[in-house]
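Numbering (the working numbering), first residue to last: 75 to 162.
For reference, the structure discussed in these notes is given below.
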């Protein structure tokens, strides 16, 4: 979440992301939650593997990582839906 950190306000850390899709009804679904509500596990760090392709005179780079995520406590978060239509 540190990549989406915006500011501290009212003794809370605020984050922002543009990764919110808009559905067919022009609604954007987002969330407000306490960090204790979610879990993120990234035990396997990203690893790069280089593979040589002699027939193409090229190299191929493969990157793999392992992670898991989940909701620990539903009551620590709230989903909200906002109208995403452009104002007239």
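Glycine included, C-beta positions come from ideal geometry on N, C-alpha and C.
- Residue 140 holds the alpha-carbon nearest to the alpha-carbon of residue 121 among 155, 145, 140 and 151.
- When C-alpha distances from residue 137 are compared across 82, 158, 118 and 101, the shortest belongs to 118.
- Restricting attention to 107, 124 and 143, the CA atom closest to the CA of residue 134 is found in 124.
- Taken atom to atom, the span from the alpha-carbon of residue 81 to that of residue 132 is near 44 Å.
- The residue from 103, 87 and 88 with its alpha-carbon nearest to that of residue 94 is 103.
- In the three-state reduction of the DSSP assignment, residue 130 falls in the helix class, which pools H, G and I.
- The Cβ-Cβ distance between residue 98 and residue 153 does not fall below 8 Å.
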